[in-house]
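Chains as they are written, first to last, in the UniProt record's numbering: chain A, 1 to 656; chain B, 1 to 656. Each residue gets a CB set at the ideal place from its N, CA and C atoms; glycine is no exception. These notes are about the structure you will find just below.
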């Protein structure tokens, strides 16, 4: 149905007439337009496109010769082919400095994080060698620093050890870890390939802040074992068990030499962090502080032989690069399904972290990241990693920030880091033998401090109380139960919020702003005045099955309240109800039923039912269901002002 | 923060100035209002109130003396105390006719439905005796007819028999049925008491239509057993198994005498239905046809002794009213949990049906139904029923419609029906001994025909294609798998639709309607013209974590497309982006982050970022997060027209 526009009429325009008090009651300049009908196939493809290809990935391919399409296709899979062509010496200078900086930061972190995942230290280093290389070829973020991260290591460690005890069955445990890594990669690549990337958007920012904060606390608490030199430590991750374990060991379990080393270096690291924070020029101070701590403490232990006084050391760290682990992955048996489950969860969390980092830095430098392509890159990277003795790697918040501040230009900084890790694996690992665990614990604590984002939590509290509940719920869930429970709480609250949003849309009463034809919420604009005899209600959401009954009943309740008020104040009774439909973006069959019922109720009361400004989708559906004939086509107006003057010109004139 | 209104300024009003080409560039009549800040407690209680007490149940209690409150409280629990006081002889006349009509309809239906639930026929009658009595005292609907219904009977029969074989362990099966009924009641009452009634709104109208249609087909197919006189019939409910069973028995299993009886009475019943439909005056014809069929066929079988020629008959039906079943309910053991599960599902479906009926007829007669109170009534009714040998009862679509058409006035018609069922149980049941099963099958088929609502499905197809997918999915799920699978499909698609809605909100480009200051979607209003140098985008939904990234990227893509178009057409470059926020009803932390990132991207491009008409909640949160300082408080306008004239007065003047 084409829009029957009255634009050719030589009529005064509505806004003008209302302000001059000339009310033309019967005709208005514009009618509510009915958009041209699309055929079913087009409507369907448009919906699919907006849902799955919102970023229009084929856009550059349009109108290109097929040879060019081939090149563009290769570049789409390997972005390095695109940015590599314009790579320059100047960019390399930035990348090499950044790469060396993140390498010095990642080596001690990797060793610590591997312990969080209950794996031998070299597996952390392995995961900083192969995955960054793969990512450099396939990833599209220029600033992300790839490698093992604290939260995923913790999550993996918790979930894996609930299946297999790592101290008793180290080999099987490791095999399950590779299996989980493999399926984490498959999950990530599949989500990206099926363009289901938007699924990770269902974890709200607030839930992530809480989850990360809780994970930071849990990780820091776990480090008390290394920092205090406690030998018999609980295996449960919750704060109650850990504190019980810590205080239970206070008389016999603590080792003062360990504590001394730990506290000294923790203070040093936190001080370095403080300096880096105060002056961004000194960002490199906290970046190299961990490596300095490792070197100093290792040398100290080696000289004093503190390991004989109960100071625990790394002791054994394999030399050489990643061995193959293809035949260690479980492709059958009971561990296949368990690996799949753990991998899927760990993969999603890793994805969430990487995509959040990628987006943050992309918006800082103003380039676009294709979320789905990014997921495929991360997925392939983890699949390759799982076959080369790596566990789940992703983008690290802290190292990516350092990478950015050190002036990285492209993913080449990841290649540089990878090379340094390679050299470390080949030549330096034996030197880590005497590194005390206390220093690793201190490094991890100082690294996860940044994940505990009080500022963000305060902002969330200020902006949205319900968001804060999600944040707090996720935090408490992680701290008092486990990362999995915390995650579950976060996801549940996030979903509940979405459901609440669609079940209970807001409604508001509109009033006329003095000396204008603009109608606005009277709560927001106290100067807005109600028009006598007319109630104007705005519905603030699509009307769907989940809220149609609520909307109907809420509008009737507004009407009832208003009728009571009017009666008490001896004002003219309500004769018309105008529903401002601008924010009603869509309506379904239940919604139309609700409007029909509303119309029936209003008819019984002798109140006119008028709609203002229904949008394209809504008007199409109202016509499809013949609703416009039910209430009368002349009861649908372009603006609230039109609707008001149609039903009560007298009163309007009185008021103006 | 109080709204700093400029309403006292002696300025020309915006709409006037634009039409007269006087563009006052620096000042506007009204600023965007910031609603007065509410304290946390008030905000919280307001949210809780809108979510759980949207219908304001305590409204009548306000400002009443406490003795009056007591009376009102009793009336709230037992509405009969309220409407009973104004009960009159005139009303009773309507009720008695309606009650007798639904009684004659329910007796044969009850016997058939009990068989659907794999229970002996008298249990159907029991369920039409006690529950309607309880409901009459506690329920608030005046038109609903209470008793066993086809869909719930089928659902219960399917789920119960997957736990216990009713032919082998009839006693245990029955006990589980009472247990499920008990927990169905508990579920219903709990949902109502906790005011969680809105949960049943999550099953969309479309999904219900499909589910009901599928259940109708499944039930009708099951009746082929009785109608064709097949002895060995499949126990699987899906269409493939049933048809296989029917055709496999064609040579030996069918009984021609049974078929004769069945087909004759089915034709009679359908013809009666047709007459009732053609002329609403004859609504009583289809209502008494079932009882007539039962009487005639029973007499016929008794006279001809057709039961000896293979015509299956009811054979045994217990005389007397409901025995107690309190001690038959499983309150411990493995069947406790199973009963709970089955009861919860059956209770929800029963609830859905009853509430839908209640709402439909309430809106026809224009009275209000309190959904939550209604649920408590239904719940208590089923708990009492489970202790008096009833299985799950609820409101029946077909009988409620008959009740309504027969002119019922109050729930007294249910009491009348209950009395008739009582007399039947006490005196007439032995007469049903020779009733052929084929007639019961015919009665059930003619009853469920109405559940298969093709008209509604066509309307759904016309209005919303995605709704139709939900409808079809639920239908096919029930027909080809089972009621449970169909229900699962319906719920899943309903949820997926909600999630899709919040993940992919619509965005649109606005243009100016000629000779007005109104800006509208250019797809809906092809006559609307873009303002040169300015892009106006409307976001059609709250901006939440689930869509914030999409919204940001979609707006940037609109901008990119527009920049390309403008370049190709040699028009002025885009210098301002106005985001029309009217439909943006809420924003959370993720949403504000997205706006900040959008602002940063636009700054890099040298494009101004302007907001028009943010609502009360949005503006409050923008202020809480200091966003208004980031983009500049003078970049937030009351209307799009204000925003446009602020950034391009020259062009506007040129155009007008």
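is_contact[residue i, chain B] using C-beta, thresh 9 Å
| i | result |
| --- | --- |
| residue 142/A | no |
| residue 553/A | yes |
| residue 25/A | Summary for residue 25/A: the model assigns pLDDT 40, below 50, so the residue's position carries little reliability; its value from the coordinates is reported in the next sentence. It does not: the Cβ of residue 25/A has no partner Cβ on chain B nearer than 9 Å. |
| residue 169/A | no |
| residue 272/A | no |
Range covered by the alpha helix (DSSP H) that runs through residue i
| i | result |
| --- | --- |
| residue 337/A | 334–365 |
| residue 186/A | 170–193 |
| residue 303/A | 284–304 |
| residue 115/B | 89–116 |
| residue 123/B | 121–126 |
| residue 68/B | 66–77 |
| residue 628/B | 627–631 |
| residue 579/A | Unbroken run through residue 579/A is the beta strand (DSSP E), 576–580; no alpha helix (DSSP H). |
| residue 491/B | 483–503 |
Residue burial classification, residue i (beta-carbon count within 10 angstroms, cutoff 16)
| i | result |
| --- | --- |
| residue 645/A | buried |
| residue 60/A | exposed |
| residue 348/B | buried |
| residue 112/B | buried |
| residue 529/B | exposed |
| residue 538/A | buried |
| residue 188/A | buried |
| residue 370/B | buried |
| residue 639/B | buried |
| residue 310/A | exposed |
| residue 278/B | exposed |
| residue 571/B | exposed |
Residue-chain proximity (residue i, chain A), Cβ-Cβ < 9 Å
| i | result |
| --- | --- |
| residue 503/B | yes |
| residue 638/B | yes |
| residue 364/B | yes |
| residue 22/B | Any reading at residue 22/B is ruled out, since the residue's pLDDT is 38, under 50, leaving its predicted position unreliable. |
| residue 359/B | yes |
| residue 460/B | yes |
Closest Cα partner of residue i within the set the options
| i | options | result |
| --- | --- | --- |
| residue 586/A | 466/B, 34/B, 510/B | 466/B |
| residue 77/A | 516/A, 140/A, 286/A, 548/A | 140/A |
| residue 103/A | 148/A, 206/A, 325/A | 148/A |
| residue 590/B | 195/A, 203/A, 130/A | 203/A |
| residue 363/B | 618/A, 600/A, 326/A, 84/A | 600/A |
| residue 125/A | 424/A, 617/A, 546/A | 424/A |
| residue 576/A | 299/A, 592/A, 253/A, 603/A | 603/A |
| residue 168/B | 194/B, 196/B, 118/B | 118/B |
Element boundaries [beta strand (DSSP E), containing residue i]
| i | result |
| --- | --- |
| residue 447/A | Looking at the DSSP string, residue 447/A is not in any beta strand (DSSP E); the run it does join, the alpha helix (DSSP H), is 437–448. |
| residue 137/A | Segment 130–138 is the alpha helix (DSSP H) holding residue 137/A; no beta strand (DSSP E) there. |
| residue 521/A | 519–521 |
| residue 509/B | 507–512 |
Same chain, Cβ closer than 6 Å to residue i, neighbours up to 5 away in sequence not counted
| i | result |
| --- | --- |
| residue 477/B | 485, 486, 489 |
| residue 80/A | 137 |
| residue 22/A | Confidence at residue 22/A is low in this model, with a pLDDT of 37, below 50, so the placement of that residue is unreliable and no value is reported for it. |
| residue 437/B | 226, 312 |
Sequence-distant residues of the same chain with beta carbon closer than 7 Å to residue i, five excluded per side
| i | result |
| --- | --- |
| residue 643/B | 578, 610, 612, 637 |
Other residues of its chain near residue i: CB distance less than 8 Å, five sequence neighbours each side excluded
| i | result |
| --- | --- |
| residue 82/A | 75 |
| residue 131/A | 146, 147, 381, 382, 384, 385, 390, 393 |
| residue 550/B | 503, 504, 505 |
Residue i: contacting residues in chain C (beta-carbon distance under 8 Å)
| i | result |
| --- | --- |
| residue 374/B | Within the model displayed, chain C is absent; protein chains A and B are what it includes. |
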